[in-house]
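**Q** My questions will all concern the structure given below.
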Amino acid sequence: MEDSLAVALAKGGDGDAYRLLVERYSRGVFRLAYRMMGNEQDAEDVVQETFLRAYRHLGRWDGRSSFETWIYRIAANYSLDLLRVRKRTSVTSAEGDHPCFGPGPDRLLHSREVQRQVAATLETCSEMERTAFVLRHFEGQSIEEIGVALGVSANSTKQSIFRAVHKLRRALEPLVNHP
Amino acid sequence: MIDHPNEEQLVLYYYGESAESAEHLAACENCRESYQALQRVLNTVDSFPVPEREEGYEARVWDELKGQLQPLRPWYRRWPTWRPVAMATAMAAMLLAAFFAGRTTKRPALAETVQLRERVLLVALGAHLERTRMWLVEFSNARPRDGRLDIGWEQGVAESLLEENRLYRQTAASNGDYAVTALLEELERVMVEVAHSPTSMPERQWEELRQRIEERSLLFKVNVFRSQFENREAGRSTTL
Numbered sequence: 001m002e003d004s005l006a007v008a009l010a011k012g013g014d015g016d017a018y019r020l021l022v023e024r025y026s027r028g029v030f031r032l033a034y035r036m037m038g039n040e041q042d043a044e045d046v047v048q049e050t051f052l053r054a055y056r057h058l059g060r061w062d063g064r065s066s067f068e069t070w071i072y073r074i075a076a077n078y079s080l081d082l083l084r085v086r087k088r089t090s091v092t093s094a095e096g097d098h099p100c101f102g103p104g105p106d107r108l109l110h111s112r113e114v115q116r117q118v119a120a121t122l123e124t125c126s127e128m129e130r131t132a133f134v135l136r137h138f139e140g141q142s143i144e145e146i147g148v149a150l151g152v153s154a155n156s157t158k159q160s161i162f163r164a165v166h167k168l169r170r171a172l173e174p175l176v177n178h179p
Numbered sequence: 180m181i182d183h184p185n186e187e188q189l190v191l192y193y194y195g196e197s198a199e200s201a202e203h204l205a206a207c208e209n210c211r212e213s214y215q216a217l218q219r220v221l222n223t224v225d226s227f228p229v230p231e232r233e234e235g236y237e238a239r240v241w242d243e244l245k246g247q248l249q250p251l252r253p254w255y256r257r258w259p260t261w262r263p264v265a266m267a268t269a270m271a272a273m274l275l276a277a278f279f280a281g282r283t284t285k286r287p288a289l290a291e292t293v294q295l296r297e298r299v300l301l302v303a304l305g306a307h308l309e310r311t312r313m314w315l316v317e318f319s320n321a322r323p324r325d326g327r328l329d330i331g332w333e334q335g336v337a338e339s340l341l342e343e344n345r346l347y348r349q350t351a352a353s354n355g356d357y358a359v360t361a362l363l364e365e366l367e368r369v370m371v372e373v374a375h376s377p378t379s380m381p382e383r384q385w386e387e388l389r390q391r392i393e394e395r396s397l398l399f400k401v402n403v404f405r406s407q408f409e410n411r412e413a414g415r416s417t418t419l
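Residue numbers (the working numbering), protein chains in the order written: chain A, 1 to 179; chain B, 180 to 419.
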């Protein structure tokens, strides 16, 4: 069943149609939320809240963007709000709970250090830098789409991405280009 | 002088947002090396791991979610979206009817046309104020959680009310009805602020707005004007 049909049915009160959308996109939303939040618990909360908000506002999806893009926008915006709240209320660990994967002891150590640096650098980015970068780098959304989703200009989105890339480059270059 | 691409242009090229640097990179070894260094860094970021979800994760998400989903109201009961349209259509139809009545009947129909037009306006404005009253009550009685308030519903209504409100304010201003114009102006400021706020409104901002609504007695004024319109309309009904 196509997303547009599932949305139309869900709007008419068909719970199974909405279930289909939840099952289709929950893993993707989790991946995005995890990259934004850096820990599983917050990412799980984002998944729940995203599908709850999407359900309440199904009438606002006009089909101009894909349902997937629309739901990722909701997830990104909610994560952004949550990051702002977290920043004000708690001190987060730079290491988060990022698990480490990879074969071989040397490569494992190196890969672990790289992953730790990526996580730590993303922690140092502002919420806007992190959101714009995650949407551009991992979700493949265009700068224009990200600007619309976050309610900022394309130029401001671009600058946020440049700053995030610059920080990552400074942190990772010694490990990646001169290991 | 050769213009070498800077880091920002290379980033745009990496993400396929601009092809400007392609030709230069093909010809300039230094820039190509610089681009490859950037490429290595950004490719490494892809290794940022995301923990795999267990099998049946999707079903678990749904199980946790389904109890929280309130049944959606069918489209014809969602007044924020269709009622203004229906109202505008009804108004337009009645005004057209009045216009054509004026064109196709003899002179005395002109007075009736004006009366009819005023009556339509009174009914429509009364209905608009009733919807605004309901919206103000909902907004003022909302309960923020964890220092924030989800105003998704209120925003949707504010956007739809805003359009109508502007129309009525302009009409009232052109008719020289200054009291109604002032009230609609005040309401418009609140509607604009709600419509342009983040969906998750900080509790402090909500509290400020709520206080403003209270201090300016907006609900009271809306009620007074609404009942005045109803009385005037009732008075006209008996004479028409």
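C-beta: ideal position from N, C-alpha, C; glycine also.
1. Closest by CA to Trp-70 (chain A), which one among A:Val-114, A:Glu-173, A:Asp-3?
2. Which partner residues of Asp-182 (chain B) appear in the DSSP bridge assignment?
3. Is it buried or exposed for Val-316 (chain B), if we count other Cβ within 10 angstroms and need 16 for buried?
4. Establish whether the CB of Glu-127 (chain A) and some CB of chain B are separated by less than 8 Å.
5. Thinking C-alpha only, which one of B:Val-224, B:Val-190, B:Glu-208, B:Arg-368 is nearest Glu-342 (chain B)?
6. Taking the alpha-carbon positions, what's the Leu-135 (chain A) to Met-370 (chain B) distance?
7. Whose Cβ in chain A lies nearer than 7 Å to the Cβ of Gln-247 (chain B)?
8. Could you tell me whether the Cβ of Phe-408 (chain B) comes closer than 8 Å to any Cβ of chain A?
9. Checking contacts by CB at 8 Å: is Arg-64 (chain A) closer than that to chain B?
10. Measuring CA to CA, which of B:Ser-396, B:Thr-378, B:Arg-239 is closest to Val-22 (chain A)?
11. Below 8 Å on the Cβ atoms is my guess for Tyr-347 (chain B) versus His-307 (chain B); work out the distance and round it to an integer in Å.
12. Can you grab the Cα-Cα spacing for the pair Thr-311 (chain B) / Phe-51 (chain A), in whole Å?
13. Give the DSSP-derived three-state secondary structure of Arg-310 (chain B) in the structure shown.
14. Note down the Cα distance separating Asp-62 (chain A) from Leu-82 (chain A), rounded to an integer number of angstroms.
15. Grab me the residues of Glu-68 (chain A)'s own chain with a C-beta within less than 8 Å of its C-beta, minus the 5 sequence neighbours each way, in chain order.
16. Taking Cβ positions only, does Glu-187 (chain B) come closer than 8 Å to chain A?
17. Tell me which residues share the same chain as Gly-305 (chain B) and place their Cβ nearer than 8 Å to its Cβ, disregarding the 5 neighbours each side in the sequence.
18. Suppose contacts are defined by Cβ-Cβ distances below 8 Å. Is Leu-300 (chain B) in contact with Thr-350 (chain B) by that definition?
19. Specify whether the region 204-219 of chain B and the region 186-195 of chain B touch according to this definition: at least 3 beta carbon pairs, one from each stretch, less than 8 Å apart.
20. Would you grab the beta carbon distance between Ala-337 (chain B) and Ala-374 (chain B) for me? Rounded to a whole angstrom, and I think it's under 8 Å.
21. According to DSSP, is Met-380 (chain B) part of a helix, a strand, or is it coil?
22. Could you give the DSSP three-state label for Leu-328 (chain B): helix, strand or coil?
23. Buried or exposed: where does Asp-42 (chain A) fall if 16 or more other Cβ atoms within 10 Å of its Cβ makes it buried?
24. Does any C-beta atom of chain A lie closer than 8 Å to the C-beta of Ser-200 (chain B)?
25. Measuring straight from C-alpha to C-alpha, what distance separates Ile-74 (chain A) and Ser-226 (chain B)?
26. Looking at chain B, is there any beta carbon in it that lies within less than 8 Å of the beta carbon of Glu-40 (chain A)?
27. Using beta carbons (cut-off 8 Å, strictly below), is Asn-402 (chain B) in contact with chain A?
28. So is Trp-254 (chain B) buried or exposed if we call it buried at 16+ other beta carbons inside 10 Å?
29. Whose C-beta lies closer than 6 Å to the C-beta of Leu-398 (chain B) among residues of the same chain, with five residues either side of it excluded?
30. Any idea what DSSP makes of Pro-174 (chain A), helix, strand or coil?
31. Listing by chain order, which chain B residues have their CB less than 8 Å from the CB of Arg-136 (chain A)?
32. Determine whether the Cβ of Val-190 (chain B) lies closer than 8 Å to any Cβ atom of chain A.
33. Is Arg-73 (chain A) close to chain B, meaning its C-beta is less than 8 Å from at least one C-beta of that chain?
34. So, using beta-carbon positions, are Lys-158 (chain A) and Ile-143 (chain A) closer together than 8 Å?
**A** On the basis of the supplied data:
1. For Trp-70 (chain A), the closest C-alpha among the options A:Val-114, A:Glu-173, A:Asp-3 is that of A:Asp-3.
2. Looking at the DSSP assignment, Asp-182 (chain B) forms no beta bridge with any residue, so it has no partner.
3. Around the beta carbon of Val-316 (chain B), a 10 Å sphere encloses fewer than 16 other beta carbons of the protein chains shown; the residue is thus reported as exposed.
4. Answer no: the Cβ-Cβ gap between Glu-127 (chain A) and chain B never drops below 8 Å.
5. In terms of CA proximity to Glu-342 (chain B), B:Arg-368 leads the group B:Val-224, B:Val-190, B:Glu-208, B:Arg-368.
6. In a straight line, the C-alpha of Leu-135 (chain A) is about 31 Å away from that of Met-370 (chain B).
7. Ordered by position in chain A, the residues that pass the 7 Å Cβ test against Gln-247 (chain B) are Leu-52.
8. It does not; no Cβ of chain A falls within 8 Å.
9. Taking Cβ atoms only, chain B never reaches closer than 8 Å to Arg-64 (chain A), which makes this a no.
10. It is B:Arg-239.
11. That belief holds up - the Cβ atoms of Tyr-347 (chain B) and His-307 (chain B) are roughly 6 Å apart, short of 8 Å.
12. The straight-line gap from Cα to Cα measures roughly 29 Å.
13. Arg-310 (chain B) falls in the helix class under three-state DSSP.
14. About 26 Å.
15. Counting only Cβ-Cβ distances below 8 Å, and skipping sequence neighbours, we find Asp-3, Tyr-25, Gly-28.
16. Glu-187 (chain B) counts as touching chain A.
17. So the qualifying residues of the chain are Arg-405, Phe-408, Glu-409, Glu-412.
18. In this structure, Thr-350 (chain B) lies closer than 8 Å to Leu-300 (chain B) by Cβ.
19. Judged by pairs of C-beta atoms under 8 Å, the region 204-219 of chain B touches the region 186-195 of chain B, as three or more such pairs exist.
20. Going by Cβ atoms, the distance from Ala-337 (chain B) to Ala-374 (chain B) rounds to 4 Å, so yes, they are a contact pair.
21. Looking at Met-380 (chain B) - three-state DSSP - the assignment turns out to be strand.
22. Residue state, collapsed to three classes: strand.
23. Buried.
24. Not one chain A Cβ lies under 8 Å of Ser-200 (chain B).
25. Their Cα atoms are separated by approximately 25 Å.
26. So, interface residue.
27. Chain A, which has no Cβ nearer than 8 Å to the Cβ of Asn-402 (chain B), makes this no.
28. The predicted position of Trp-254 (chain B) is uncertain, since its pLDDT is 42 and thus under 50; a value taken from the coordinates is nonetheless stated next. The residue is exposed, with fewer than 16 neighbouring Cβ atoms inside 10 Å.
29. Same-chain partners within the cutoff: Leu-315.
30. Of the three classes helix, strand and coil, the one that applies to Pro-174 (chain A) here is helix, per DSSP.
31. One finds Tyr-194 in chain B with Cβ atoms closer than 8 Å to the Cβ of Arg-136 (chain A), taken in chain order.
32. Output row for Val-190 (chain B): interface = yes.
33. Residue-level contact by beta carbon fails for Arg-73 (chain A) and chain B, as no gap is shorter than 8 Å.
34. Contact check for Lys-158 (chain A) against Ile-143 (chain A) passes: the beta carbons are separated by less than 8 Å.
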